[in-house]
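Residue numbers (my numbering): 161 to 709.
All C-beta atoms in this analysis are idealised placements derived from N, C-alpha and C, irrespective of residue type, glycine included.
Please read all numbers here as calculations on a predicted model, not as lab measurements.
Presented below is the structure to which this report refers.
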Amino acid sequence: MADSRDAPPKKNFLIRWSRALGDAIAGTPAFLKYYRLAILGAAIYVFTFPNFLWTKTTLWPLAFIALAPMLAMADRAQTAKAAFKVGLVSGFFANLGKLYWLLHTIHHYGHFPLPAAILVLALLCLTIGSFWGVAFWANWSMSKRGGFSIWITFPLAWMLLEWWMTVAMGIGFPWLAIGHALIGWLPLAQIADVIGGMSLSLPVAFGNVVAYEAWRAARAERPNYPVKQAAGLIAVLLVFLVYGLVRMGQIDKQMEAGETIKVGMLQGNIDQNEKWSEGNRVKTLRIYRRQAEEVKEKGAELILMPETALPFWQTQGKRLSRPVRAFLSKIDRWMLVAVPTRVPNEDDPKWPYKYNSAGLVSPDGKIVTWYNKHRLVPFGEYLPFKKIAIPLVTWLKTFEPLEDLRFSAGFYPGEEYVVFDYPRGRFGIAICYEVIYPSIVRTVALPGVAFMTTITNDAWFGDTSAPHQHWDQVRMRAIELRRYFARSANTGISGIIDANGRTLSQTGTYVAKTAVGDVRTMQTQSIFLRFGEWFLHLCVLACFGLLLA
């Protein structure tokens, strides 16, 4: 055996990958040429959702072809590692386009210099891209190594990705599963009340296999078009369509039979940078007081305000602070008050527990119930992986360009899911991006709620497509649970969504406005509400089974 010192030195791993990433960012011709299909698919994928060119409409049918170019490249890969790289690049560019608005959040509110903010966004998209890489690796392993048909393996691998996006590293970020594109044509999305919105990704992924195989057949000398598979997909979509039309009619009748509650939603349009400044706190109270009086005059019985709308800390278990009590005086309505709260820490009184909370206040100004937000925003509301993150943040702040960095607000996650006992119908709440997690919203609704509410502060995202993407995910939750949703957002979109996912009313973004609309109480229990994401979990188990076979 030759002496190892005589062998040519291996390139350092970090050097090789930093050069590869550098090539990607620089967009060298070689990189673009090699991964052109992956990048093409990523571009198509972006336009299936509200995006940076148009925010209110989507080209949802593109979802059925967006993954096909990526699959075409991955299917030609000679190794599982090569397939993983295709998924990594595809996921990186797809999420860079879909989540571009995070750059505004990181730069404007995190106080990162623009180059550093771009790097942080790139690292986030690279992380999500690695999850896509695992899905493409799984597909290659099942189809090439395991010998199973790509008609089965790719849809199952994609379902593995959708599941992993909800649980990854204890954080998860299931922002817009590709199946959510079907919200663009409501009848097709109605079966979400059976299988869940995440599981709509299965037929969409299958459709991409049809598109890929059709493209491959068109390039062959003797075309063998996937006619049977295409017919099968059309048949499934027709079943979805018929089910959706019938089910929407049934739900319409149930909604007509429900009790009507007039809900008022406040939208203060408060600048995030000015919200907590001493001179603007009283101004904020006045804005919301004026809006509350406005919706009261329009007949609102229940009033919602946006997430952490009132910039005054409250202590749970004690009377509301004087400014908040003054705010509530003479409103004489049931109100959902959104404030940051503290709970005494018996072990260390100097450091109370802090929560992002919403409290139901009775017309006489007394708190009935507090709900503390469970799923917090990483880095914005809490620091994940504190043993690593805290020393890293401390070190970063030693550099002059980064000394103003802002991270966690130090909130704690809530421990219990709470239902508000409003006299005319129990209701649940999802605060901010809790609503993108189907399992969380289902858990809130499971005890038996008549309708749902959600409050948020989308000012963090700027005037981008994010509020519209966020709104569409609320529509999917409404279908899954068969419940009305009333939504109050600081900068919009505020409004009401019915139990079929229809938008009944909505405000614009970045305007100070109020909305008043009718919510109807519902008692039906959808299959999804009773059994959760049973179909998604079956698909994940099947995927693991094929990987281990």
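- Residue pairing for F580: DSSP places it in a beta bridge opposite F587.
- Contact annotation, L664 with A605: C-beta distance approximately 19 Å; criterion of less than 8 Å not satisfied.
- For secondary structure counted as the alpha helix (DSSP H) over 4 or more consecutive residues, the region 393 to 461 holds these complete runs in sequence order: 438 to 457.
- Assignment of M230 by DSSP, reduced to helix, strand and coil, places it in the helix class.
- Between the C-alpha atoms of V595 and K526 there is a straight-line separation of about 27 Å.
- Cβ contact annotation for N505 (same chain, cutoff 8 Å, sequence separation greater than five): W511, P512, Y513, in chain order.
- F212 sits in coil when the DSSP states are folded into three classes, being neither helix nor strand.
- Under the three-state reduction of DSSP output, D658 falls in the coil class, being neither helix nor strand.
- Under DSSP, L520 takes part in a beta bridge, and its partners are L496, T529.
- In this structure, DSSP gives S686 a state outside helix and strand, which the three-state scheme calls coil.
- In the structure shown, the three-state DSSP call for T669 is coil.
- Minimum Cα-Cα distance from G692 among the listed residues A460, A352, M408, T684 corresponds to A352.
- In this structure T667 is buried. Its beta-carbon is surrounded by 16 or more other beta-carbon atoms within 10 angstroms.
- In this chain, A610 is not harboured by any alpha helix (DSSP H), its DSSP state being neither H nor E.
- Judged by DSSP in its simplified three-state form, F487 adopts helix.
- Put simply, the region 637 to 645 touches the region 599 to 619. At least three CB pairs are less than 8 Å apart.
- Annotation: the continuous beta strand (DSSP E) that includes R647 extends over 645 to 649.
- For the pair T287 and S489, the Cα-to-Cα distance works out to about 49 Å.
- Burial is judged here by how many other beta carbons sit within 10 angstroms of a residue's own beta carbon; V387 has fewer than 16 and is exposed.
- Within the DSSP secondary-structure output, L464 pairs in a beta bridge with M425, L496.
- A contact is defined here as three or more CB-CB pairs under 8 Å, and the region 223 to 239 meets this definition with respect to the region 355 to 375.
- For M636, the enclosing alpha helix (DSSP H) has its first and last residue at 626 to 641.
- Taking all protein chains shown into account, G459 has fewer than 16 neighbouring C-beta atoms within 10 Å of its C-beta and is therefore exposed.
- Closest in alpha carbon position to W311, among L708, C703, A709, is C703.
- Here M425 is not near G652, since their CB atoms are 8 Å or more apart.
- Around the beta carbon of E576, fewer than 16 other beta carbons sit within 10 angstroms, so the residue counts as exposed.
- No Cβ-Cβ contact shorter than 8 Å links L708 with S301.
- A452 and K413 have their alpha carbons spaced roughly 32 Å apart.
- For Q474, DSSP records a beta bridge to T501.
- In the DSSP assignment, N368 falls within the unbroken alpha helix (DSSP H) covering 361 to 379.
- About 4 Å separates the CB atoms of C699 and M319; that is less than 8 Å, so the two are in contact.
- Nearest to F621 by alpha-carbon distance, out of V499, K443, N429, is N429.
- Look at V537 here: in three-state DSSP terms it is coil, with no helix or strand label.
- Per DSSP, reduced to three states, the secondary structure at L664 is strand.
- In the DSSP assignment, C285 falls within the unbroken alpha helix (DSSP H) covering 274 to 300.
- C-alpha of S522 to C-alpha of D492: approximately 8 Å in a straight line.
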